[in-house]
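Below is one structure, written out as structure tokens; comments come after it.
Protein chains: 2
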Amino acid sequence: MAIAELNIAPIKETPSLKARAYRAIKSAILEMNIYADETDLRLDERGLSQRLGISRTPIREAISQLDQEGFVRIVPRKGIYIIRKTKAEIHDMITVWAALESMAARLISKGADDGDIKRLRALVDQFSQDEVAAKTGEYSDANIEFHQAIIRMSGCPLISEITDGLFFHVRAIRHRSIFKLDRARRSIVDHKEIVAAIEARDTERAERLVRDHTMKLRDHVEQYVELD
Amino acid sequence: MAIAELNIAPIKETPSLKARAYRAIKSAILEMNIYADETDLRLDERGLSQRLGISRTPIREAISQLDQEGFVRIVPRKGIYIIRKTKAEIHDMITVWAALESMAARLISKGADDGDIKRLRALVDQFSQDEVAAKTGEYSDANIEFHQAIIRMSGCPLISEITDGLFFHVRAIRHRSIFKLDRARRSIVDHKEIVAAIEARDTERAERLVRDHTMKLRDHVEQYVELD
DNA sequence: AGTTGGTCTATTGTATGCCAAGTTAATGTC
DNA sequence: GACATTAACTTGGCATACAATAGACCAACT
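Protein sequence lines, in the order shown, are assigned to chains A and B. Going left to right, the first sequence walks through residues 0 to 227 as numbering that gives the first Met the number 0 numbers them. Going left to right, the second sequence walks through residues 0 to 227 as numbering that gives the first Met the number 0 numbers them.
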């Protein structure tokens, strides 16, 4: 009797309930525009447990993780509150972002291979200045994408890891006019200069341009975004 | 009838079992010199629960936090393993450290008041070059202290928060000859130059010196420390 | 009407039991 | 004796029950 050779793929391991709960809650928070209204936003363990159809334990573990990452705050016997970052905290986050991304630019200009740099050039050329005027909406994501590309190319996963968290927080306030038209236009110019510096392997210049570019965003937020 | 005015202080809130378990386990790991031997170091939920006299739940929450911070790794149905960082990971951590501390130096040279800078000068003067030859042992901590002072003075709590985690990891391998005599001597010189640049409010120079100083440590580890 | 103490409810913290999936040791077969 | 098989044990994941406390509500009393 021949043994049937079923062409089956290995069953991918099911992620733990904790992991799934974590993603579910986190993405729900991201889609919420938490800075839109003023009232305190609360999470309810048991409510989530019922809606997700699992027990409180994995929910608690997921929420505990979100607490540690600074997305929610657990107050014993009172509740779990979604955190709105203060202006000072956003300010600090963008500062850290600037520090890490400028280091990434430094690493790239020293170590990246030409293929990567070509791809970076393609990314920035894709958005010419007049196109952007029409579709600023898309720009916000393209902007983030450019920054993430630089960071990934640095070959330092830890930098990616840290900045991913920062981007998440910053993205939550994007509708508060962070990436407006004039800034978008100016950003394209900055990005082109950055790529040019990297292409020229001018480490110091690349680092400085990246830092200044992000610090300009910081100052913009400082000046125009109201949060507290 | 008068109301008695009892002179009482508010009852300080007792930290949760989770928080206490977290500190207990973390400090135990720190004191362990995990890089000393080769065997896999495992944690046991039930064992800890018995030894600490509490149930598994707060233990699990504490361990989950340590897992997220990168101190242990939870492998389902196998065990909880204390993590030894690879050389590449240490390398990345020091890179991030350099990026953040050089940003801190930048912020200080722009914004710190003269009192703070005086204290920084005192800190570095305290360890003259010949003293250090005698007590290199103490130097390691004084070294870290100097760096932490710079970071704290930056006025950016987020930078402190991130680097604290990095320091914890790096400290775990300090006995692996990271801070040896010749390096210690050279470090003092570097530190003095850094303070001088800050005193002169020379932002670019301060940033560069701090970065280069930490990157030298990175290269030193790269060259002399064996981990994997 | 206002205050005061009790009670009830909502909500998180903790303990404990069970389960599925590995690990290890014992056992049986050749 | 070597190897496959199975049984016992380990271990983290998850569910559930109970405990503790903050805050709302309420009734009684002044």
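Backbone N, C-alpha and C fix where the C-beta goes; we use that ideal spot for every residue, glycine too.
Kindly indicate if chain A contains any beta-carbon less than 8 Å away from that of residue i.
i, result
"A98/B", "yes"
"D124/B", "no"
"A18/B", "no"
Pick out whichever of the options has its Cα sitting closest to the Cα of residue i.
i, options, result
"A205/A", "D113/A, K109/A and E160/A", "K109/A"
"M92/A", "V169/A, Y223/A and L208/A", "V169/A"
"Y34/A", "C155/A, R173/A and H146/A", "R173/A"
"A18/A", "Q49/A, I53/A, E221/A and Y80/A", "I53/A"
"Q125/A", "D113/A, N142/A and P156/A", "N142/A"
"A50/A", "A23/A, R72/A, P75/A and M152/A", "The sequence as given places Arg at residue 50/A; Ala does not occur at that position. Looking at the Cα atoms, A23/A is the closest of the given residues."
"D218/A", "D115/A, M31/A, A148/A and A97/A", "A97/A"
"E160/B", "G46/A, S63/A, G69/A and Y223/A", "G69/A"
"I58/B", "A195/B, K25/B and Q222/B", "K25/B"
"D113/A", "I197/A, L122/A, L99/A and R45/A", "I197/A"
"A15/B", "T85/A, I73/A, D189/A and S101/A", "Sequence inspection shows Ser at residue 15/B; the Ala mentioned does not correspond to that position. Of the listed residues, the one whose Cα sits closest to S15/B is I73/A."
"H90/A", "I89/B, T94/B and L106/B", "L106/B"
"K84/A", "N32/A, K215/A and R45/A", "N32/A"
"I79/A", "K117/A, I62/A, G164/A and H212/A", "I62/A"
"D39/A", "D163/A, V123/A and I81/A", "I81/A"
"T13/B", "D36/A, E60/A, P75/A and G164/A", "P75/A"
"D189/B", "P156/B, A87/B, E30/B and R207/B", "R207/B"
"R55/A", "A20/A, V71/A, I28/A and L65/A", "A20/A"
"A183/B", "D201/B, A199/B, T202/B and F145/B", "F145/B"
"K77/A", "R185/A, R41/A, M102/A and T162/A", "R41/A"
"M102/A", "I158/A, L47/A and K86/A", "I158/A"
So, does the CB of residue i fall closer than 8 Å to a CB anywhere in chain B?
i, result
"I161/A", "yes"
"F167/A", "no"
"I81/A", "no"
"P75/A", "yes"
"L5/A", "Note on L5/A: pLDDT 46, under 50, position unreliable in the model; the coordinate value appears next. Closer than 8 Å: no."
"Q67/A", "yes"
"A132/A", "Unreliable placement is indicated for A132/A, whose pLDDT of 49 sits below 50; no coordinate value is reported for it."
"A8/A", "Per-residue confidence for A8/A stands at a pLDDT of 48, beneath the threshold of 50, marking its modelled position as unreliable; no derived number is given."
Over what stretch of residues does the beta strand (DSSP E) that includes residue i continue unbroken?
i, result
"G78/A", "G78 to I81"
"I73/B", "V71 to V74"
What residues of chain B sit near residue i, judged by a beta carbon separation below 9 Å?
i, result
"E60/A", "R59, E60 and S63"
Under 7 Å Cβ-Cβ, which residues of chain B neighbour residue i?
i, result
"Q147/A", "Those within 7 Å of Q147/A in chain B number zero; the least Cβ separation is about 16 Å."
Let's see if you can read the secondary structure: which residues bound the alpha helix (DSSP H) around residue i?
i, result
"K17/B", "L16 to L29"
"R217/B", "T202 to Y223"
"G114/A", "D113 to D124"
"P156/A", "P156 to R170"
"A98/A", "K86 to G110"
"S63/A", "R55 to Q67"
"R50/B", "E44 to L51"
Just to make sure I have the definition right: I need the residues of chain A whose C-beta is within less than 8 Å of the C-beta of residue i. Which are they?
i, result
"S15/B", "P75"
"P156/B", "D91"
In the stretch 90–116 of chain B, which residues sit with their C-beta less than 8 Å from some C-beta in chain A, listed in chain order?
-> D91, M92, T94, V95, A97, A98, L99, S101, M102 and L106
Interface positions of the stretch 190–209 of chain A facing chain B (Cβ-Cβ less than 7 Å), listed along the chain = none
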